[in-house]
Each structure stands twice: as C-alpha cells, then as structure tokens.
Amino acid sequence: MRIVSISDTHSMHRQITDIPEGDVLVHAGDCLGRGALSELEDLNDWLGSMPHTHKLLIAGNHDWCFQTEPELARQVLTNATYLEGEGITLEGVKFWGSPYTPRFQNWAFQLDRGPELERHWQQIPGDTDVLITHGPPGGVFDAVMGYGGIERVGCFDLIERIEQLSLRAHIFGHIHEGYGSQTRPRDNVSFVNASICDERYRPINRPITIDLPS
Numbered sequence: 001m002r003i004v005s006i007s008d009t010h011s012m013h014r015q016i017t018d019i020p021e022g023d024v025l026v027h028a029g030d031c032l033g034r035g036a037l038s039e040l041e042d043l044n045d046w047l048g049s050m051p052h053t054h055k056l057l058i059a060g061n062h063d064w065c066f067q068t069e070p071e072l073a074r075q076v077l078t079n080a081t082y083l084e085g086e087g088i089t090l091e092g093v094k095f096w097g098s099p100y101t102p103r104f105q106n107w108a109f110q111l112d113r114g115p116e117l118e119r120h121w122q123q124i125p126g127d128t129d130v131l132i133t134h135g136p137p138g139g140v141f142d143a144v145m146g147y148g149g150i151e152r153v154g155c156f157d158l159i160e161r162i163e164q165l166s167l168r169a170h171i172f173g174h175i176h177e178g179y180g181s182q183t184r185p186r187d188n189v190s191f192v193n194a195s196i197c198d199e200r201y202r203p204i205n206r207p208i209t210i211d212l213p214s
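Residue numbering for the sequence shown follows UniProt numbering, starting at 1 and increasing by one per position.
Here's what the structure looks like:
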C-alpha cells in the first residue's frame, strides 16, 4: 500500500504541485486557514479531484468548524473519511486518527498534558497499523527554537503510548519546522511530519510517500 501524506496546508492546498499517486491520501490536520466551513467546501472540492482510492482527514488546532459545527463539517466533507478518535480498515491496514494536541493558548482540539492526554491516547487500539495525529510525539520532528534555545514541544504522553503498540507508521504535522520522515531502525516504524507549510506559512514542502509492504 502506498500512502501519500500531507498536513498543515492552511487552505493553500491548491498550491501543492505534483502530488504523487498512491492508494491512500492522508491529511493530518490544519487543512484550513480560519477554520471556516466555506474553506472546507473548497478543500472538499479539491479532494474530490484527487485520484487516490482512499482519502483520510483529521482536524488540527486551526480547523475550528470540526469542533464548533461538527455535524455540518462532516456533511460538507463528502470526499474524504474524517477520523476523530476513531479508526478505519483499508485493504487490511488499520488506521486510527485523532486531532488532539497538548494545550497551548486558545486553539481547537486541545487537552492538558498528563492524565487527560494519557486517557485519550489509551483509546488507540492495540492493533493499529497506521496512526494519524495532528501533533508529533515527544522527541520526534518536534523541535522549535524558543527563547532559551531548542525546545521539544511534542506530546510525551503520546510517545509513551506508541511504545506500547506495534505501529507500522505514524503520520502527523503541526510543527512546521519538523517536516521530514524517518524509519526507526529497531522496529521499522515510519515517522512522518508531513507539514506542507514551513514556519513562515509558505506551502513549499512536498507530500511524503511511504510504502507499506503487503
């Protein structure tokens, strides 16, 4: 199975060129700019033009309409499957997605670090193959430059849960500076930060493709 991953397009999806072909197109959140339903309508039209057999999408902290008007948002999104603390099996591969990130200022889909996020991540089924979250796990493609130097801002409650699983891939975004992919040698888990926008919100990064052996 070929998975094409994008994230953090912030309503600039039409500026992405040369999207690779694949079986599944995954959008790991922050698909919208202001989080408005009108933006979602345009995204839905664009998704409908994509050739991939399956399309999966989760929300991100900018995607307010999925939190404030969830029923309407799901009605608008007809050209992709929306995952919010739920999973789907495609061609025998089990996906599970969640929009939640550690609380920071006043954004959508946020939970407190510690017990609240621990409880949420325990919902990830033990047989999940591909995990899709908006934010990165702690220590993986999550570095930002703070006032005191480099800071790791990913979710360490999430990485603890990941260590209990047997994932094949984890797709996320949120931290624009962390764009990239790597396969962890000890267990062959592919970690993908698929942020299309860079830290200046310029949509200059390319979609990332991973191939899962059958």
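Note that the Cβ used here is the ideal one computed from N, Cα and C, for glycine as well.
Here the structure is a predicted model, which is why all the values come from computation and not from measurement.
Buried or exposed (CB count within 10 angstroms, at least 16 for buried), residue i
i	result
Y82	buried
N205	buried
I88	exposed
N193	buried
Y179	buried
G154	buried
G92	exposed
residue 233	What is shown of the chain runs 1 to 214, which leaves residue 233 out entirely.
F104	exposed
P51	exposed
L40	buried
L72	exposed
G146	exposed
S214	exposed
D30	buried
P70	exposed
D142	buried
Residue from the options whose Cα sits closest to the Cα of residue i
i	options	result
T101	G60, F95, K94, Q67	G60
D127	R161, V4, H54	R161
D8	I210, F191, H174, P207	H174
R167	Q122, R2, D187	Position check: residue 167 holds Leu in this sequence, whereas Arg was assumed. Taking only the C-alpha atoms, the option nearest L167 is D187.
S49	E21, P70, D30, F66	E21
T183	W121, V140, H54	V140
H120	F156, D45, G85	G85
Residue i - DSSP class collapsed to helix/strand/coil
i	result
L25	strand
R14	helix
residue 215	Summary: the structure shown does not reach residue 215, with the chain confined to residues 1 through 214, and so no result is reported for it.
L165	coil
S5	strand
G154	coil
G85	coil
Q75	helix
I159	helix
D211	strand
H54	strand
N44	helix
G180	strand
P137	strand
L32	coil
P203	strand
P125	coil
P115	helix
P20	coil
CB-CB length for residue i against residue j, believed under 8 Å
i	j	result
V26	I150	Wrong, their Cβ atoms sit about 28 Å apart, outside the cutoff.
F95	I132	6 Å
G35	D63	5 Å
P43	H13	In the sequence under discussion, the amino acid at residue 43 is Leu, which differs from the Pro named in the question. Their Cβ separation, rounded to whole angstroms, is 6 Å, which keeps L43 and H13 in contact under 8 Å.
I3	I16	16 Å between Cβ atoms; not a contact.
V76	L32	Wrong, their Cβ atoms sit about 11 Å apart, outside the cutoff.
With three or more C-beta pairs closer than 8 Å as the rule, is the region 64 to 83 touching the region 113 to 123?
no
Taking 8 Å as the cut-off, does the region 6 to 26 touch the region 53 to 69 (at least 3 CB pairs, one atom from each stretch)?
yes
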